[in-house]
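Below: the structure, in structure tokens.
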Amino acid sequence: MSNPKLIEKQDLERERSEVLQQLEDWLETPMVVLGFAWLALFMIELIWGLNPLLQAVSTTIWIIFIFDFLLKIAVAPHKISYIKSNWLTAFSLMLPALRTFRILLLVRALRTARAVRGLRLLGVMTRTNRGMRALGASINRRGFGYVVALTAIVTLVGSAGMYAFENEVADGSLNNYSTALWWTAMLITTMGSEYWPKTPEGRVLCFLLALYAFAVFGYVTATLATFFIGRDADDDNAELAGAKSIEALHTEIAALREEIQQLLHQTSEL
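The numbering used here numbers the first residue of the sequence shown as 11 and each following residue consecutively.
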């Protein structure tokens, strides 16, 4: 006999999962809009800084994200598993608290210039992840358009981070955002540049951007190759063996096989 308590628990977990899915569907569009807005405000903060109004808007969006995350944790049937699967989101929501609330003994260490730049580097990665999640919710992750849009986000945020890390370097070349944007675009396209970062945070970010560029370059190359091979497959005059030419070859082989069988039959009769 089945355990009634176990069945009731399973039904409750199933209901919670359905409510969580419905809640995510309802909040998907506003969270996507707020995610892009928060990413844009972070870029403005890195490049020019935020005035009190924009800082209040950024803080409000951050609080909304916290309530959204806590609400989903409360609804989730397996709270620990949900937190583990969304640990980067939780970490990205904790970072602004270190800068906003200035509490605990850890804050004294975080007030140093090197620690602040380290927090900025973590902020670049976590906010980019937020942008990726927002982009994935609005565009098919497997589509070529998703990769192009994601590359644009990585380029814009990465250039803002490089400018924030390298603009005060004595012999640096990234002394304005337009130059940092051009440098990042050249790095993403694997063309490279004569300038290399001087700060440790800039070097780490440059390494991450280079890894992303390497991965995207392989994907774009494979996509373009697939596109041109597909065009050649539909072209009878193409040098590559397309679907039509292979089908014609199969027909010729079948005709030759039939002729051979006829010859063997005639030979056996003689």
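We treat Cβ as the ideally placed atom computed from N, Cα and C, and that holds for glycine.
Check whether the Cβ atoms of residue i and residue j sit closer than 8 angstroms, and answer yes or no.
i    : j    : result
L51  : V67  : yes
I76  : A47  : no
A223 : I263 : no
T194 : G168 : yes
K82  : L30  : yes
L103 : F79  : yes
F154 : T233 : yes
L184 : Y205 : yes
Taking 8 angstroms as the limit between beta carbons, can you name the residues of its chain near residue i, skipping five residues before and five after?
i    : result
L60  : L51, I54 and S68
E269 : none
L33  : L81, K82 and V85
I74  : L44
I93  : I83 and A100
T165 : L191, T194, A195 and I198
D21  : none
A123 : With a pLDDT of 49 at A123, under the threshold of 50, the modelled position of this residue cannot be trusted; read the value that follows with caution. Within the same chain, A123 has no close Cβ partners at all.
Could you tell me how far apart the beta carbons of residue i and residue j are, in whole angstroms, since I believe they sit closer than 8 angstroms?
i    : j    : result
T200 : F227 : 6 angstroms
Y187 : A170 : 7 angstroms
Leaving out the 5 sequence neighbours to the left and right, which residues in its chain are closer than 7 angstroms to residue i when beta-carbon positions are compared?
i    : result
G212 : M172, F175 and E176
E23  : P87
G182 : E176 and K208
L64  : L51 and I54
R121 : Since pLDDT at R121 reaches only 47, below the 50 mark, its modelled position is unreliable, and the value read off the structure follows with that caveat. Counting only Cβ-Cβ distances below 7 angstroms, and skipping sequence neighbours, we find nothing.
Y229 : V157
Report all residues from its chain with a CB closer than 6 angstroms to the CB of residue i; omit the five preceding and five following residues, and keep chain order.
i    : result
L259 : none
V179 : K208
S27  : P87
Q271 : none
S203 : W193 and M196
*Taking three-plus beta-carbon pairs below 8 angstroms as touching, is the stretch 173–191 in contact with the stretch 52–62?*
yes
_Taking 8 angstroms as the cut-off, does the stretch 86–103 touch the stretch 209–220 (at least 3 CB pairs, one atom from each stretch)?_
no
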